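Chains as they are written, first to last, in our numbering: chain A, 4 to 279; chain B, 4 to 279.
Everything on this sheet refers to the single structure shown next.
This is the structure:
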């Protein structure tokens, strides 16, 4: 079976529709139907990553719009790996990466979108959120940290916020990196087995693992409620790293190509200057 | 003539001593004596850039110290090019890049180190400043934006600030990218000749070019006054891009190797966990 060649076809396979309570099964974490063959996936990803670098240069030269990439997923789902696999070719000049951890006291003293808004990428840049405002309807929901009515309001507030951003030149790509519980188990065991990876292991991750089904339900609801026409979720099968990177790289590249950034025209006549 | 093979020898050739009013001539901008041969420079830079990426991974795993790289130089001196040439292999995961432009009203309502301190890299990261607090003793001096006595105090304040940072785990590497006036002229003409580069051209750069000698004097004083044992300036010959990148890559790599970061030990017994 050949891989999808058109990025829009591939995109359609992972894009979540508004209200769609998508099942999160071991099969969807594997994603064989989405991108069957590993054959050309890795060189293709490298090619896409290089193209993304060139497109970001044009986005920067345009200075009018930005791309915001939101990465969500359970621990070990590959958020860091995606940054390396898809965005390393672009380099620190063009990419602003923000990891969102447990909010600080000062952040908690503001509404939950305050710290997010502050890190929206500059015009001309690709911004990447490693976790995001969606933690405020994920861990917050699973652990009952706010009343149900407040949680309900948050979905709408997120949608309004993202609409505001898209109306102001920020294209948003939201990727849910979906791994199976079994695959997470393997990755955690790997971290414990390799002394060089011990520092990556956080015993607290096991508490979230115990709540796996609750998290899956929260992710389902999040995607159904916050997949909007302006900023739909993409459900990325992530048990295989090559498949995850291949799909995301194609969608990012396709999105930037569709944006088709154009270097801005200078406000001066280039021939009017004499450099001595 | 062979290139310096030991990084400390190369480093000694570009390191500015406290009080040293180093001449800024066309010869020092070319830097033939510092690194004579282009032969192996480019593959060597790539190798160093890859090594820097690996060393940053260890710095991150250590979570105890940070590296701050300060890039200063006239327009077109290659600050962006250095980031691409030396740090692109490290990628956005490990590098926090901050360009400092004209201060905003809010920044001007604070002392000049306020916005700088806020962007000091997190532990485990490499931070890069594209321009920095040194603009406050460069453009500010050349254009007489503050009284002389205030300017004098700033050198000492900068030295005290940088001492504070180094005492708190931040290693500082300051690179002055030195190009000749002639080379800047060529690069500006190139920007004007190529429509794809017009957006990079800022007519205001020509005003600074008219004040070339004043700027060179300000750079000289800056390096003499703010080359301290804990954070000396390195004067990087930058008329040739390959030479600039080669020297900086070797020094960054050598510095990180000397820091020799060690992944931190976990605060738990890895064998005490069973992943179901």
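Quick reminder that beta carbons are idealized off the backbone N, C-alpha and C, glycines included.
Computed from a prediction, not measured in an experiment: that's the story for all the values here.
What three-state label does DSSP hand residue i in the structure shown?
i              : result
residue 198(B) : helix
residue 33(A)  : helix
residue 164(B) : helix
residue 204(A) : coil
residue 115(B) : coil
residue 46(A)  : helix
residue 11(A)  : helix
residue 4(B)   : At residue 4(B) the pLDDT is 42, less than 50, meaning the model places this residue with poor confidence; the figure from the coordinates comes in the next sentence. Residue 4(B) falls in the coil class under three-state DSSP.
residue 18(B)  : strand
residue 188(A) : helix
residue 209(A) : helix
residue 276(A) : coil
residue 93(A)  : coil
residue 159(A) : helix
residue 26(A)  : coil
residue 154(A) : helix
Ignore the nearest five residues each way along the sequence and tell me which others in residue i's own chain have a CB closer than 7 Å to its CB.
i              : result
residue 262(A) : 68, 174
residue 225(B) : 137, 140, 141
residue 158(A) : 140, 228, 229
Suppose the cutoff is 6 Å on Cβ atoms and the five residues either side in sequence are ignored; what does the same chain contact list for residue i look like?
i              : result
residue 132(A) : 73, 101
residue 267(B) : 65, 66
residue 233(B) : 166, 169
residue 92(A)  : 52, 53, 56
residue 108(B) : none
residue 254(A) : 14
residue 118(B) : 110
residue 88(B)  : 248
For residue i, report the span of its alpha helix (DSSP H) as first-last.
i              : result
residue 247(B) : 244 to 262
residue 101(A) : Segment 98 to 102 is the beta strand (DSSP E) holding residue 101(A); no alpha helix (DSSP H) there.
residue 177(B) : From DSSP, residue 177(B) is part of no alpha helix (DSSP H) but of the beta strand (DSSP E) over 173 to 181.
residue 228(A) : 215 to 229
Suppose the cutoff is 8 Å on Cβ atoms and the five residues either side in sequence are ignored; what does the same chain contact list for residue i look like?
i              : result
residue 20(A)  : 230, 235
residue 194(B) : 79, 200, 201, 203, 204
residue 227(B) : 19, 21, 22, 23, 24, 25
What residues from chain A crowd round residue i, counting only those whose CB sits closer than 9 Å?
i             : result
residue 58(B) : Under the 9 Å cutoff, chain A gives no residues; its nearest Cβ is about 14 Å from residue 58(B).
Report yes if the C-beta of residue i is less than 6 Å from at least one heavy atom of the ligand SAM; otherwise report no.
i              : result
residue 118(B) : Absent from the structure shown: the ligand SAM. Ligands present: none.
Taking residue i as the query, report the chain B residues whose CB atoms sit under 9 Å from its CB, ordered along the chain.
i              : result
residue 90(A)  : 94, 95, 96
residue 55(A)  : Simply none; closest approach about 12 Å.
residue 121(A) : Those do not exist, as residue 121(A) stays about 12 Å from chain B at its closest Cβ, beyond 9 Å.
Just reading off the beta strand (DSSP E) that residue i is part of, what are its end residues?
i              : result
residue 238(A) : 236 to 240
In chain A, which residues lie less than 7 Å from residue i when you measure between Cβ atoms?
i              : result
residue 64(B)  : 202
residue 267(B) : 202
residue 115(B) : Residues of chain A passing the Cβ test: none, with the nearest at roughly 22 Å.
Check the Cβ of residue i against every Cβ in chain B and list those closer than 8 Å, keeping chain order.
i              : result
residue 86(A)  : 94, 95, 96
residue 279(A) : 188
residue 259(A) : None at all; the shortest Cβ gap to chain B is about 16 Å.
Which residues of chain B have a Cβ atom closer than 7 Å to the Cβ of residue i, listed in chain order?
i              : result
residue 271(A) : 206
residue 83(A)  : 96
What residues from chain A crowd round residue i, counting only those whose CB sits closer than 8 Å?
i              : result
residue 131(B) : 95
residue 70(B)  : Simply none; closest approach about 13 Å.
Q: Quick one: which residues of the region 176 to 208 of chain B get their C-beta closer than 7 Å to a C-beta of chain D? List them in chain order.
A: Of the protein chains in this structure, namely A and B, none is chain D.
Q. Going along the chain, which unbroken runs of the alpha helix (DSSP H) with 4 or more residues stay wholly within the region 52 to 87 of chain B?
A. Entirely contained in the region 52 to 87 of chain B, the alpha helix (DSSP H) runs reaching 4 residues are, in chain order, 82 to 85.
Q: Scan the region 120 to 150 of chain A and note each continuous alpha helix (DSSP H) run of 4 residues or more that stays entirely inside, going in chain order.
A: 142 to 145
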